[in-house]
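Heads up, the sequence shown is in the numbering used here, so the first residue is 5 and it goes up one at a time. Every residue gets a Cβ at the ideal spot worked out from N, C-alpha and C, and that includes glycine. Source: prediction; values computed, not measured. Notes follow once the structure below has been shown.
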Amino acid sequence: GNVLVRKTSLKEVAVTLNGEVYVLPTQGILVNIIDYTFSRLERDGLTVFCDLSTDEEVFQGGGDYQFDIYRRMREENANNWADYFPHSNILWLHYLADKLLKEVTYKKKATSSSLKHVQKQLRMFSANVLNFKSATELLKLGTFFQ
């Protein structure tokens, strides 16, 4: 995936969402998600999107959780890719948490207390993230970002 991760000396970062500023702890790491492959853009009343309803292959794939995500997105959006469905972002955040828990190899062994703590937090995040309606709701109400 297109996820950029780097170390930082910043203890926290300020982000603005819908005009509201949030201060988030970094835990010494900054992450940027830059994968816009099937994203949609709406500006000045014009929506640009990738119409996945015409690409059945995307939904027939197997062997990776991402294909389940595409199928679930199609179920939730009734195969309408032009409209905004905020829960799609939640599905992808769950996908990323799943990858971090199951497929990433870490330099430190899982016996180190800091890695154990992070993995425990990720497991809690993964177990709860699907309960939120949107990434905005997750940021505002979820305990993970407090």
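Backbone CA spacing between residue i and residue j [nearest angstrom]
i, j, result
"Lys106", "Asn84", "31 Å"
"Ile73", "Phe53", "18 Å"
"Ser57", "Leu45", "17 Å"
"Asn93", "Tyr69", "15 Å"
"Leu134", "Phe89", "14 Å"
"Thr140", "Gly66", "30 Å"
"Ser117", "Ala131", "21 Å"
"Tyr110", "Val122", "12 Å"
Span of the beta strand (DSSP E), counted from its first residue to its last, around residue i
i, result
"Asn36", "33-37"
"Ala18", "16-21"
"Lys137", "That residue, Lys137, is in no beta strand (DSSP E); it is neither H nor E in DSSP."
Opposing strand residues paired with residue i [DSSP bridges]
i, result
"Thr147", "Answer is none; Thr147 lacks a bridge partner."
"Thr58", "Answer by DSSP bridge pairing: none, since Thr58 is not bridged."
Expected contact under 8 Å - CB spacing of residue i and residue j to nearest Å
i, j, result
"Lys11", "Ile33", "6 Å"
Enclosing alpha helix (DSSP H) for residue i [first to last residue]
i, result
"Glu80", "69-81"
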